[in-house]
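Here the structure comes first, spelled out in structure tokens, and everything after it is commentary.
Protein chains: 2
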Amino acid sequence: MDENSKYKELLNREGIKSTRHRNAILELLEESEFPQTAEQLFITLREKTASIDLSTVYRTLDTFASKNLVIKSNRVDDGKALYELNHNEHKHHLLCVGCHKLISIEDCPIGDLKQTLKSRIDFDITGHKLEIYGYCHDCKKYKLPPADHDNL
Amino acid sequence: MDENSKYKELLNREGIKSTRHRNAILELLEESEFPQTAEQLFITLREKTASIDLSTVYRTLDTFASKNLVIKSNRVDDGKALYELNHNEHKHHLLCVGCHKLISIEDCPIGDLKQTLKSRIDFDITGHKLEIYGYCHDCKKYKLPPADHDNL
DNA sequence: TCGCCAAATGCAACTGCCTTGCATTTGCAT
DNA sequence: ATGCAAATGCAAGGCAGTTGCATTTGGCGA
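As you go down the protein sequences, you meet chains A and B in turn.
Mapped onto the UniProt record's numbering, the consecutive letters of the first sequence carry residue numbers 1 to 152.
Mapped onto the UniProt record's numbering, the consecutive letters of the second sequence carry residue numbers 1 to 152.
Printed below as a string of structure tokens:
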């Protein structure tokens, strides 16, 4: 019990027990560059560590989400739940509709809008989610008609 | 058969038959200010017109989506599918996390980013989706901790 | 106007993602 | 070490959405 206690403090701070599975899930999320589905995490966990039940994965992720350790969202194209570690940083992604690659960007165009909306219609923004679709460098040459999520 | 043929031309143009249900669904979508779930549409259709099966609603909406007559998306908080008429206009919404009210806005902050990304990382944006959360005027006074979808 | 046929629909069963109930196991405070 | 609440496994269940198939219907050609 040494690897396992890697996140012990963190978990104790949130008032929840440090367990083998919770540690493994946190570790996996830390290694993940992008939000993962519960299924993806489940499969990887089964491969690399001892057995775990899918319901445990869901329950653990929900627990983490309720403690704000992870951010839960829903994939825009199929609605599947996605989980990622909450780094308290702000980031958006570009999704290539050709190859489904994700590209992280630091840009965030919401800043100005925040003030505008506050003064114009008295709305306090607390968060937002931006999904950008398009074609990456490699896929531009094969350019197929896009899935048409929205018009620009 | 007069009301029913309201969208006949439109449907024929897309190479699909004009039917009672398809007309009813198009009419309903036209009356809707915001994206609707299939369930919401189904219930309203059952109330106001003759019986229709839920599978027909889904099939019809999918057909319309494949013809680009409607835009299908997934609600960010619960992943349910949402359908709206494709007006070929561009619009975003503010979602109040207090009362779940939607407020339409014309603002779109993506314009500048489009050029930036094209030149900087050779990515061609074809579409995007922006969800903004916060508190509306009425809910600010009761301000509860937000559902925490993202950090701003 | 009639009859035909592919397309559309209703119905019921089914799938996939996720949740829940309950019995068992495990972390951890004492 | 030990006891208890929290965590987990397992199996069943729930809900959104899909599919197979028999029946009905729109619309075209005769």
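Think of the CB as a built atom: it goes at the ideal place given N, C-alpha and C, for glycine as much as any other residue.
Just to confirm, is the Cβ distance from E131/A to V76/A under 7 Å?
Stepping through the first sequence from its first residue, residue 131/A is reached at position 131. Stepping through the first sequence from its first residue, residue 76/A is reached at position 76. The answer is yes: Cβ separation under 7 Å.
How about L28/B and S18/B: are their beta carbons less than 7 Å apart?
Locating residue 28/B in the second sequence gives position 28, where the first residue counts as 1. Locating residue 18/B in the second sequence gives position 18, where the first residue counts as 1. In this structure, S18/B does not lie closer than 7 Å to L28/B by Cβ.
Residue-chain proximity (G15/A, chain B), Cβ-Cβ < 7 Å:
Here residue 15/A is taken as the residue at index 15 of the first sequence, counted from 1. The Cβ of G15/A sits no closer than 7 Å to any Cβ of chain B.
So, with DSSP's three-state summary, where would you put N74/A?
On the first sequence, residue 74/A is found 74 positions in, with the first residue counted as 1. Three-state DSSP puts N74/A in a strand.
Backbone secondary structure at I52/A - three-state DSSP
Indexing the first sequence from 1 puts residue 52/A at position 52. Coil.
D62/B at chain A interface by Cβ criterion, 7 Å:
On the second sequence, residue 62/B is found 62 positions in, with the first residue counted as 1. Output row for D62/B: interface = no.
Own chain partners of K8/B with C-beta closer than 6 Å, once the 5 adjacent residues on each side are dropped
Locating residue 8/B in the second sequence gives position 8, counting from the first residue. Excluding positions up to five away in sequence, the list reads S18.
Compare the C-beta of N74/B against all C-beta atoms of chain A and say whether one is closer than 7 Å.
To locate residue 74/B, count along the second sequence from 1; it is residue 74. So yes, N74/B belongs to the interface.
Tell me where the alpha helix (DSSP H) around T126/A begins and ends.
To locate residue 126/A, count along the first sequence from 1; it is residue 126. T126/A -> not in any alpha helix (DSSP H); beta strand (DSSP E) instead, spanning D124 to Y135.
For E33/A, the three-state DSSP class (helix, strand or coil):
In the first sequence, residue 33/A corresponds to position 33, counting from 1. If DSSP states are grouped into helix, strand and coil, E33/A belongs with coil.
Helix, strand or coil: which one does DSSP assign to E84/A?
Numbered from 1 along the first sequence, position 84 holds the residue referred to as residue 84/A. If DSSP states are grouped into helix, strand and coil, E84/A belongs with the strands.
Identity of the residues DSSP links to H92/B by a beta bridge:
Start at 1 with the first residue of the second sequence, and residue 92/B comes out as number 92. Under DSSP, H92/B takes part in a beta bridge, and its partners are I105/B.
According to a CB-to-CB cut-off of less than 8 Å, which residues of the segment 123–138 of chain A neighbour chain B?
Shown in chain order are the members of the segment 123–138 of chain A whose Cβ falls below 8 Å from a Cβ of chain B: F123, D124, I125, T126, G127, H128, K129, L130, E131, I132, Y133, G134, Y135, C136 and H137.
Alpha carbon to alpha carbon, how far is E106/B from D112/A?
Translated into the one-based positions of the second sequence, residue 106/B becomes position 106. Translated into the one-based positions of the first sequence, residue 112/A becomes position 112. Spanning the two alpha carbons is a distance of roughly 14 Å.
Do three or more CB pairs link the segment 31–38 of chain A to the segment 80–91 of chain A at distances below 8 Å?
Three or more pairs of CB atoms, one per stretch, sit closer than 8 Å, so the segment 31–38 of chain A contacts the segment 80–91 of chain A.
With a Cβ-Cβ cutoff of 7 Å, do I110/A and H128/A count as a contact?
Translated into positions along the first sequence, residue 110/A becomes position 110. Translated into positions along the first sequence, residue 128/A becomes position 128. Result yes, Cβ atoms of I110/A and H128/A sit closer than 7 Å.
Tell me the rounded alpha-carbon separation between C136/A and I25/B.
Here residue 136/A refers to the residue found at position 136 of the first sequence. Here residue 25/B refers to the residue found at position 25 of the second sequence. Inter-residue distance for C136/A and I25/B is about 37 Å (C-alpha atoms, whole angstroms).
Taking all protein chains shown into account, do 16 or more other C-beta atoms lie within 10 angstroms of the C-beta of T134/A, making it buried, or fewer, making it exposed?
As a position in the first sequence, residue 134/A is number 134, starting the count at 1. The residue you asked about is not Thr; residue 134/A is Gly in the sequence shown. G134/A is buried by the Cβ-count criterion.
Within a Cβ cutoff of 7 Å, which residues of the same chain sit near T60/A, ignoring the five residues on either side of it in sequence?
Position 60 of the first sequence, counted from the first residue, corresponds to residue 60/A. Within the same chain, T60/A has close Cβ partners H21, R22 and I25.
Using only alpha-carbon positions, find the residue among C139/B, D138/B, I71/B and S55/B that is nearest to F34/B.
Indexing the second sequence from 1 puts residue 34/B at position 34. Ranked by Cα distance from F34/B, the options C139/B, D138/B, I71/B and S55/B are led by I71/B.
Could you give the first and the last residue of the continuous alpha helix (DSSP H) run that contains E9/B?
On the second sequence, residue 9/B is found 9 positions in, with the first residue counted as 1. For E9/B, the enclosing alpha helix (DSSP H) starts and ends at K8 to R13.
So, for T44/B: in the same chain, excluding its five sequence neighbours on each side, which residues have a beta-carbon less than 7 Å away from its beta-carbon?
Mapped onto the second sequence, residue 44/B falls at position 44. Correct list, in chain order: L28.
Which same chain residues end up closer than 7 Å to H90/A when comparing Cβ atoms and leaving out the 5 residues on each side of it in sequence?
Translated into positions along the first sequence, residue 90/A becomes position 90. In chain order, C108 place their CB closer than 7 Å to the CB of H90/A, counting only its own chain and leaving out the 5 sequence neighbours on each side.
For D62/A, does the three-state DSSP call read helix, strand or coil?
Walking along the first sequence from the start, residue 62/A turns up at place 62. DSSP places D62/A in helix when its eight states are reduced to three.
Classification of N68/A by the beta-carbon crowding that lies within 10 angstroms, buried from 16 upward:
By one-based count along the first sequence, residue 68/A stands at place 68. Flag for N68/A reads exposed.
Cβ shell of T63/B (< 7 Å), same chain only, five flanking positions each side left out
Numbered from its first residue, the second sequence carries residue 63/B at position 63. Residues I16 of the same chain have their beta carbon placed closer than 7 Å to that of T63/B, with the five preceding and five following residues left out of the count.
Locate the alpha helix (DSSP H) running through S119/A, then write down its first and last residues.
As a position in the first sequence, residue 119/A is number 119, starting the count at 1. That run of the alpha helix (DSSP H) goes I110 to I121.
Beta-carbon proximity list for A50/B, same chain, < 8 Å, skipping 5 on both sides:
Against the second sequence, residue 50/B aligns to sequence position 50. If we look at A50/B and ignore the five residues flanking it on each side, its Cβ neighbours are R20.
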